[in-house]
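I have placed the structure first, in the form of structure tokens, so that the comments after it can refer back to it.
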Amino acid sequence: MALARFLIGRLFKAALVLLAVLVLNFFLIHAAPGDPAAVMAGEAGAADQIFLDQLRERFGLNLPLHEQLWIYISGVVQLDFGFSYRQQMPVLDLILDRLPATLLLTGTAFVISLIMGVAAGAVAAMRRGRWSDTAITTAALIFYATPLYWVALMAVLLFSVTLGWLPGFGMETVGGNYTGLDRWLDVAEHLVLPALTLGLFFMAVYTRMTRASMLEVSRLDFVKTARAKGLKPGVIQRRHVLRNAILPIVTLAGLQAGQMVGGAILTETVFAWPGIGRLMFEALLQRDYNLLLGVFFISAAMVILFNLVTDLVYRIADPRIEAAG
Amino acid sequence: MIRGFLLGGVAALSMIFAAAAAPVEGGRANVVIQPEPPGLMLGMIQNGPTQMVAGNIYEGLLRYDPSLKPMPQLAESWTVSGDGTIYTFKLRQGVTWHDGEPFTSADVVFSVDVFLRETHARLRASLVHVENISAPDDHTVVFKLKQPFGPFLGIFEVGTMPMVPKHIYEGTDFKTNPANNTPIGTGPFKFKEWVKGSHILLVKNENYYQEGKPHLDEIYWHVIPDAASRAVAFETGTVDILPGGSVENFDVQRLTALDNTCVTDKGWEFFAPQSWLWLNNREGPTADVRFRKAIMYAMDREFAKEVLWNGLGDVATGPFSSKIRFYSDKVTPYPHDPDKARELLKEMGYDGTPIRLLPLPYGETWQRWAEAVKQNLEEVGIKVELVATDVAGWNQKVADWDYDLAFTYLYQYGDPALGVSRTYVSTNIAKGSPWNNVAGYASPEVDKLFADGAVAFSDKKREGVYTAVQKKLVDDVPVAWLLELGFPTIYRCNVKNLITTGIGVNDGFKDAWIE
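This is the structure we're talking about:
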């Protein structure tokens with residue numbers, strides 16, 4: 004069956020890409036100045052040579068680079084991503100611990116931005132030239148051009164500090180000890196600001212793209228035909244225009260979904276969200292090689308996975324497309 | 077230490093009232109911790125954040141008041157032999173570990189002689205003076221020194237010599253012992269929960285040996301990575317205590333102006349953090365003492381203190397912080413005097429070679445400070461190039477001596493033999509670590525004075541030696557001293573007795589209560 008062959012081919016290629024990513028990242032990270040032993044000693048504010056040597060030996064940092072790489076890769080093959088020097092925990096445990104928080108945040112942001120972006124873009128396209136179109140396109144332009152960090156801080160300033168409506172950071176009320184539904188509501192409350200902040204940029208992108216794409220499609224002959232047949236404008240927009248205009252959005256959504264794991268570094272830092280983006284950023288600053296490589300690996304795997312999903316979604320959105328290996 | 081800081085006075089006043097009122101039992105302290113500690117087993121890890129949290133779980137034999145006078149903790153009394161080589165400690169009776177096992181002298185011997193000797197770099201340097209440690213009975217410990225060591229009574233604080241439970245660690249691989257994740261100490265609070273990336277929870281030790289303490293039920297340490305968010309956390313009431321360095325300095329004034337907010341820079345006396353610029357004494361223009369003096373005259377350190385540090389701290393006069401023992405101000409002063417700097421540069425025939433300045437990558441204040449220094453130096457004709465790095469890159473560049481000027485700050489630990497000499501003695505020149513004598517300064521005279529100062533027994537003798545060393549160093553300018561840093565602890569005024577000793581928040585919250 005074509006689909007099975009397609010999937011097997013893609014998975015094989017994915018494995019090769021992942022291996023290449025792993026090796027490349029390994030050398031890139033080790034090319035950066037500074038080593039984890041020195042950073043850890045630095046945080047302690049004191050170190051003698053014995054201490055540094057102890058650290059290096061314990062983490063295998065004294066071995067030649069190619070041996071370190073070999074040890075690392077043979078570990079990864081068995082799903083052992085090594086030990087985090089800084090966090091004193093196995094890398095896989097750390098990542099699995101933090102991944103749900105990131106998926107919740109980016110997933111929510113993804114859904115919000117996709118739904119609201121496409122809706123706003125469709126409305127703008129249908130009301131082209133009217134004031135609502137102008138309002139939507141202007142707002143989209145502003146969100147598109149504003150740095151995420153600034154939006155986040157302003158949102159916190161307005162909604163947390165000044166108005167006191169929403170919590171400004173964290174994933175749940177620390178020490179609140181909520182359970183069941185209360186806990187879900189608590190998390191949802193904490194989710195609003197970071198998810199909106201993170202979603203705004205992509206929402207703007209989807210809005211602009213949907214609008215442009217729909218306007219383009221609505222000039223095509225089959226839409227004129229539909230109109231000539233006397234179909235209602237709403238039906239034409241929904242069935243004929245939007246459906247055909249959606250493909251570029253799928254492409255972009257696939258890209259965004261692929262970046263979901265790594266793309267939330269800023270948001271997670273500003274909002275103290277205990278996710279994987281922050282973990283990666285801290286690992287980078289601390290030269291926590293194993294942890295950093297682990298997060299990179301998971302991010303790369305996600306990108307590949309979502310590319311695959313995107314290709315499958317193409318086939319559903321437009322059955323004329325044959326997915327090729 | 078009286079400051080022109082209005083709120084400092086308010087804080088001091090409220091402390092006096094606090095002393096009069098009876099402590100309220102119960103309640104929760106919400107504190108910021110930054111960055112997230114790598115672990116809480118204080119014997120294994122001595123990071124700043126680890127010390128701050130784990131100072132509630134573990135204890136040392138002694139504590140130190142703000143003037144660094146030793147006070148009883150796990151040891152209730154101690155005696156020193158006439159020749160200064162035998163220290164005998166009587167341990168408190170009835171102390172138990174958090175798991176119920178009794179704390180005895182065997183734990184002390186194991187902690188110091190076995191565990192910390194292997195894991196604690198800073199203590200190891202002091203332990204070379206110790207010949208042996210013995211436990212004649214369950215509640216007595218005797219340290220026999222090879223020769224007198226002046227600062228010996230200053231190394232029993234919890235961050236330097238935390239007591240670790242022998243019954244859990246003996247005969248195991250300390251580094252991989254699973255108990256490291258559930259630390260067991262003798263302190264006023266017990267470890268309860270750690271949600272990585274979010275918070276650490278400590279709860280009251282109901283069986284604490286000191287009657288009626290601690291007062292608080294629980295302490296939540298909030299991990300908030302962004303400095304602006306930490307300020308917001310205080311403003312919105314999520315946290316009540318911002319330990320020194322939690323927020324950017326430019327936020328300090330705004331936050332302390334809030335209602336019910338107190339600020340103090342007490343609790344850093346033991347650490348006495350002092351900042352300076354490493355000057356590369358080996359090569360380039362900085363190898364010339366006239367150039368180094370010119371830098372001292374060119375810098376406007378009063379400005380840095382007033383504007384960048386909100387008036388907190390003091391301009392450093394030399395290698396010793398004024399908070400530590402044997403400080404002397406009878407040294408050559410270096411006021412802000414650009415003309416004098418130009419004169420010195422002309423005298424040495426400085427040819428305008430540009431020098432590289434390495435800022436400390438610890439946030440905005442340090443970045444701005446580097447820019448201010450650059451401006452000061454360019455005013456007198458020294459061309460400066462700022463070299464941007466992250467923490468790991470900074471470590472490596474400084475450790476490899478790949479710099480001309482580099483910002484740093486180090487703790488002085490109350491005594492010149494513990495926290496000062498390491499920066500200036502030639503035996504401590506070694507590539508690979510950014511905390512030894514990075515400048516490459518070598519003076520046989522200074523080496524000898526520091527060596528004498530460490531082993532001289534009477535304080536009178538030590539004082540003479542250390543006054544001489546300060547004079548000599550200030551004239552040689554091996555590094556360019558900046559400020560004795562003042563780190564403000566910002567907290568709600570209804571938190572009482574928060575800081576009672578010379579190590580501040582790191583000493584734990586056993587005396588604190590909330591009104």
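Order-wise, the sequence lines are chains B and H.
Mapping of the first sequence onto my numbering: position 86 corresponds to residue 89, and the numbering continues sequentially without gaps.
Mapping of the second sequence onto my numbering: position 75 corresponds to residue 151, and the numbering continues sequentially without gaps.
Built from N, CA and C at the ideal position, the CB exists for glycine as well.
Lys-586(H) and Pro-238(H) have their alpha carbons spaced roughly 16 angstroms apart.
Per DSSP, Glu-233(H) lies in no alpha helix (DSSP H) segment and is marked neither H nor E. Identification of residues in the stretch 156–188 of chain B having a C-beta nearer than 9 angstroms to some C-beta of chain H yields Leu-156, Val-159, Leu-160, Ser-163, Val-164, Gly-167, Pro-170, Gly-171, Phe-172, Gly-173, Met-174, Glu-175, Thr-176, Val-177, Gly-178, given in sequence order. Straight through space, the alpha carbons of Tyr-75(B) and Ala-248(B) are spaced by roughly 46 angstroms.
For Gln-350(H), the pairing in a beta bridge is given by DSSP as Leu-486(H), Glu-560(H). When the beta-carbon positions are compared, Ile-162(H) and Val-188(H) stay at least 8 angstroms from each other. In the structure shown, Val-171(H) adopts coil according to DSSP, grouped into three states. Interface annotation, Gln-488(H): not in contact with chain B, CB-CB separation never under 8 angstroms. DSSP places Pro-148(H) in no alpha helix (DSSP H) but in the uninterrupted beta strand (DSSP E) bounded by 146–148.
Here DSSP, grouped into helix, strand and coil, assigns Asn-208(H) to strand. Within 7 angstroms of the CB of Lys-268(H), no CB atom of chain B is found; the nearest one sits about 11 angstroms away. DSSP places Phe-165(H) in the strand class (E or B) of the three-state scheme. At the C-beta level, Lys-268(H) and Leu-278(H) come within 8 angstroms of one another. For the pair of segments examined, the stretch 520–535 of chain H was found not to touch the stretch 363–374 of chain H: the number of CB pairs separated by less than 8 angstroms stays below three. Look at the stretch 66–93 of chain B: the residues with a C-beta under 7 angstroms from a C-beta of chain H are Arg-89, Gln-90, Gln-91.
Taking a C-beta distance under 8 angstroms as the contact criterion, Met-120(H) and Asn-256(H) qualify as a contact pair.
Following the DSSP letters along the chain, one finds Asn-106(H) inside the beta strand (DSSP E) bounded by residues 104–109. Tyr-140(H) sits in a strand when the DSSP states are folded into three classes. Residue contact check for Glu-192(B) against chain H: no CB pair falls below 8 angstroms. By the criterion of a C-beta distance shorter than 8 angstroms, Val-306(B) is surrounded in its chain by Gly-261, Gln-262, once the five residues flanking it on both sides are discounted.
In this structure Val-129(H) touches Pro-113(H) by the C-beta definition: roughly 6 angstroms separates them, less than 8 angstroms. DSSP, read as helix, strand or coil, puts Tyr-373(H) in helix. Taken atom to atom, the span from the alpha-carbon of Gly-167(B) to that of Tyr-292(B) is near 40 angstroms.
For Ile-566(H), the enclosing beta strand (DSSP E) has its first and last residue at 565–568. The shortest C-alpha to C-alpha distance from Ser-87(B) to any of Leu-97(B), Trp-276(B), Ala-207(B) is the one to Leu-97(B). Residue nearest to His-205(H) within the set Ala-556(H), Cys-569(H), Ala-532(H), Asp-583(H) is Ala-532(H) (criterion: CA-CA distance). Residue Glu-192(B) holds the alpha-carbon nearest to the alpha-carbon of Gly-171(B) among Glu-192(B), Asp-83(B), Asn-180(B), Ala-125(B). Taking one beta carbon from each stretch, the stretch 504–519 of chain H and the stretch 379–387 of chain H have fewer than 3 pairs nearer than 8 angstroms; the two do not touch.
If you compare the alpha carbons of Asp-213(H), Lys-342(H), Gly-321(H) with that of Ser-143(H), the shortest gap goes to Lys-342(H). Within the stretch 293–327 of chain H, those residues whose Cβ lies closer than 8 angstroms to any Cβ of chain B are, in chain order, Glu-294, Tyr-296, His-298, Val-299, Ile-300, Pro-301, Asp-302, Ala-304, Ser-305, Val-308, Ala-309, Glu-311, Thr-312, Thr-314. Chain order gives the chain B residues near Ser-509(H) as Ala-41, Ala-44, Ala-50, Asp-51, Gln-52, Leu-55, where near means a beta carbon separation below 8 angstroms.
Taking a beta-carbon distance threshold of 8 angstroms, Ser-187(H) does not count as an interface residue toward chain B. Your pair Thr-565(H) and Ile-575(H) checks out as a contact, with CB atoms roughly 6 angstroms apart and the cut at 8 angstroms. Using a Cβ-Cβ cut-off of 8 angstroms, Arg-13(B) does not count as an interface residue toward chain H, since no Cβ of chain H sits closer than that to its own. Apart from the 5 residues on each side of it in sequence, Glu-440(H) sits with its Cβ closer than 6 angstroms to the Cβ of Glu-324 in its chain, given in chain order.
For Tyr-479(H), the closest of Thr-543(H), Val-555(H), Ala-448(H) by C-alpha to C-alpha distance is Val-555(H).
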